[in-house]
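Mapping to the numbering used here: the sequence shown position 113 is 273, numbers consecutive.
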Amino acid sequence: IRIVDDDPNIHDALAYVLENEGFIVRHYESAESFLINDRPEDPGCAILDVRMGEMSGIVLHDRMKKLGSKLPCIFLSAHGDVDMAVDAIEAGAVTFLSKPVRTEKLLAAIERAALTDEAARQAALTEAARTAFLSLSDRERQAALLAVSGLTNRQIAERLEIAVRTVEFHRAGSMRKLGCHSAAELKAKLSLVPEAREAFE
């Protein structure tokens, strides 16, 4: 859970609650520090203070969207109003909470954010896998699908009526394009692709 807040007391209070719930917490004292130092590939969500130094939480959220970030954000503010909350939620925020926030409200918001993040990351993985699968040549696709169905290179060669070395070449090409290093990884990646899953299930 990323906490972006320039008040160390707020961070300490939130971190105490969240770490007791088993979350890993990172603290950023400014929006600028968050943009520079955060690792967007890590799952989770961000809790953004509305009023900070040079860049507010609202501006940070807008900047994140322009950068293509889909990290769910929860706004936290002691100075918010109804219009600000509505604008934030319309802009894609999970929710807008007032300080001091009740623990149960915060945890419920984090749970919603985590589900949103998981769904978005799964959708991105599926789309990436499908794009890679569709980039394979016909032979690479055949070799990959037959390999995950449990056939050996020799059996694949007999099925396709080509040389074993040719099968090895096409399997290597499919593994490279799909970013896999083992048969288990290949099967896991192809299981994300509807067109492939239908072929080997």
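For every residue, glycine included, the Cβ atom is placed at its ideal position computed from N, Cα and C.
Asked                                                                                             : Found
Spatial distance of V185 from L178 (CA atoms)                                                     : 7 Å
The stretch 315 to 331 in contact with the stretch 255 to 265 per 3-pair CB rule at 8 Å           : no
Buried or exposed by the 16-neighbour rule on C-beta atoms within 10 Å, applied to Y176           : exposed
Alpha-carbon spacing of A292 relative to E355, whole angstroms                                    : 12 Å
Three-state secondary structure (DSSP) of F194                                                    : helix
Own chain residues within Cβ distance below 8 Å of L296, not counting five before or after        : A304, G333, S334, K337, L338
Residue environment, R162, which counts as buried when at least 16 other CB atoms sit within 10 Å : buried
Assumed close pair H153, V210 - CB separation to whole angstroms, cut-off 8 Å                     : This structure leaves residue 153 out entirely; the chain is present only between 161 and 361.
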